[in-house]
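**Q** For reference, the structure I am asking about is given below.
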Amino acid sequence: MNVVLDNLSATIVFATVSFVLVTTQFRMQQDTAQTTVSYMAKRQLLSFAELVEDEFELIGEEVSGDKIVSLTSDSDGKTTSFVFNRDISSVDTQIEYRLVPTDTVQTLGRDVPLYKVERYEGGALAGGGAGYFSDFRVELLTSSGGSATPSTARVVRVRVSMAHAVGNMDDSSVNVSYWGMTLRPTSLAL
């Protein structure tokens, strides 16, 4: 009888330890996957931010006409279109950053709209960012930080956020990575 109870006890202990190890391993895999997704989203956001920073520093550089053409926003304040001129290979070229809706993700009963920022060069699509932006805002400011028009702008503030899902399919949430910068393009100071 003691042998049977010893075997039963050993089996229960083995099953409990195995369950704990499997559960721990599963959670570690989920955490690793979520960390990887978050890292990839942040990397995409920073790659787009580098492109925007490099290009917005050249707004109006060696351009004979208007430096900033237009800035259009929707009712929520998101920038739907930002058009400016810059010199590319000694030619005045019009650049447009356009916010385009791509999808809507539903998480915890809330709809989160997603967008793509497309870049047009001379009217032709020439790149852009990933399709997971939740916000894109460009603000034109005076040198003292007040609101400005395209003709009076001296400073450009850019804010971008990217949404990425976290969790399993049944119980997911959306994390958002933010990036923002205030630029003072040298040609706008003239």
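The C-terminal position of the sequence shown is numbered 210 in the numbering used here, with every residue numbered one higher than the one before it. Idealized CB from N, CA, C, for every residue including glycine.
1. Could you please give the first and the last residue of the uninterrupted alpha helix (DSSP H) stretch that includes residue 36?
2. Using DSSP with H/G/I as helix, E/B as strand and the rest coil, what is residue 167?
3. With DSSP as the reference, label residue 95 as helix, strand or coil.
4. Entirely within the stretch 96-129 and at least 3 residues each: give me those beta strand (DSSP E) ranges in chain order.
5. Quick check on this structure: which residue in 69, 65 and 185 has the alpha carbon closest to the alpha carbon of residue 133?
6. Relative to the C-alpha of residue 129, which candidate in 201, 194 and 31 has its C-alpha closest?
7. Is DSSP giving residue 214 helix, strand or coil here?
8. Rounded to whole angstroms, what's the CA-CA distance from residue 91 to residue 154? Just pull it up for me.
9. What's the C-alpha gap between residue 62 and residue 197?
10. Going by DSSP, which residues form a beta bridge with residue 131?
11. Tell me the DSSP secondary structure of residue 181 in three-state form.
12. Count the other CB atoms within 10 Å of the CB of residue 159; is the residue buried (16 or more) or exposed (fewer)?
13. Assuming residue 167 contacts residue 174 under a Cβ cut-off of 8 Å, what Cβ separation, rounded to an integer in Å, is found between them?
14. Among the candidates 180, 147 and 106, whose CA atom is the shortest distance from the CA of residue 207?
15. Can you tell me the Cβ-Cβ gap for residue 124 and residue 151, rounded? I've got them flagged as a contact below 8 Å.
16. With the cut-off set at 8 Å, would you say residue 54 and residue 182 are in Cβ contact?
**A** Once the coordinates are examined:
1. Numbered from its first residue, the sequence shown carries residue 36 at position 16. 22-76 is the extent of the alpha helix (DSSP H) around residue 36.
2. Counted from its first residue, the sequence shown places residue 167 at position 147. Reduced to three states, the DSSP call for residue 167 is strand.
3. Within the sequence shown, numbered from 1, the residue matching residue 95 stands at position 75. Residue 95: coil per DSSP, three-state reduction.
4. 99-108 and 111-127
5. For the purposes of this step, residue 133 is identified with residue 113 of the sequence shown, where counting begins at 1. Among 69, 65 and 185, the Cα nearest to that of residue 133 belongs to 185.
6. Start at 1 with the first residue of the sequence shown, and residue 129 comes out as number 109. Ranking the options by Cα distance to residue 129, first place goes to 194.
7. For residue 214 there is no data in the structure shown, the boundaries of the chain being 21 and 210.
8. Within the sequence shown, residue 91 is the residue found at index 71, counting from 1. Within the sequence shown, residue 154 is the residue found at index 134, counting from 1. C-alpha separation (whole angstroms): 19 Å.
9. Indexing the sequence shown from 1 puts residue 62 at position 42. Indexing the sequence shown from 1 puts residue 197 at position 177. So the alpha carbons of these two residues sit roughly 6 Å apart.
10. Locating residue 131 in the sequence shown gives position 111, counting from the first residue. Answer by DSSP bridge pairing, in chain order: 126.
11. Your numbering for residue 181 matches position 161 in the sequence shown. DSSP places residue 181 in strand when its eight states are reduced to three.
12. One-based indexing of the sequence shown puts residue 159 at position 139. Label assigned to residue 159: buried.
13. Looking up residue 167 in the sequence shown gives position 147. Looking up residue 174 in the sequence shown gives position 154. The pair is not a contact, with the Cβ atoms about 12 Å apart (cut-off 8 Å).
14. The sequence position of residue 207 within the sequence shown is 187, counting from 1. Of the listed residues, the one whose Cα sits closest to residue 207 is 106.
15. Locating residue 124 in the sequence shown gives position 104, counting from the first residue. Locating residue 151 in the sequence shown gives position 131, counting from the first residue. With a Cβ gap of about 12 Å, residue 124 and residue 151 do not count as contacting.
16. The count along the sequence shown starts at 1 and reaches residue 54 at position 34. The count along the sequence shown starts at 1 and reaches residue 182 at position 162. Not closer than 8 Å, so no.
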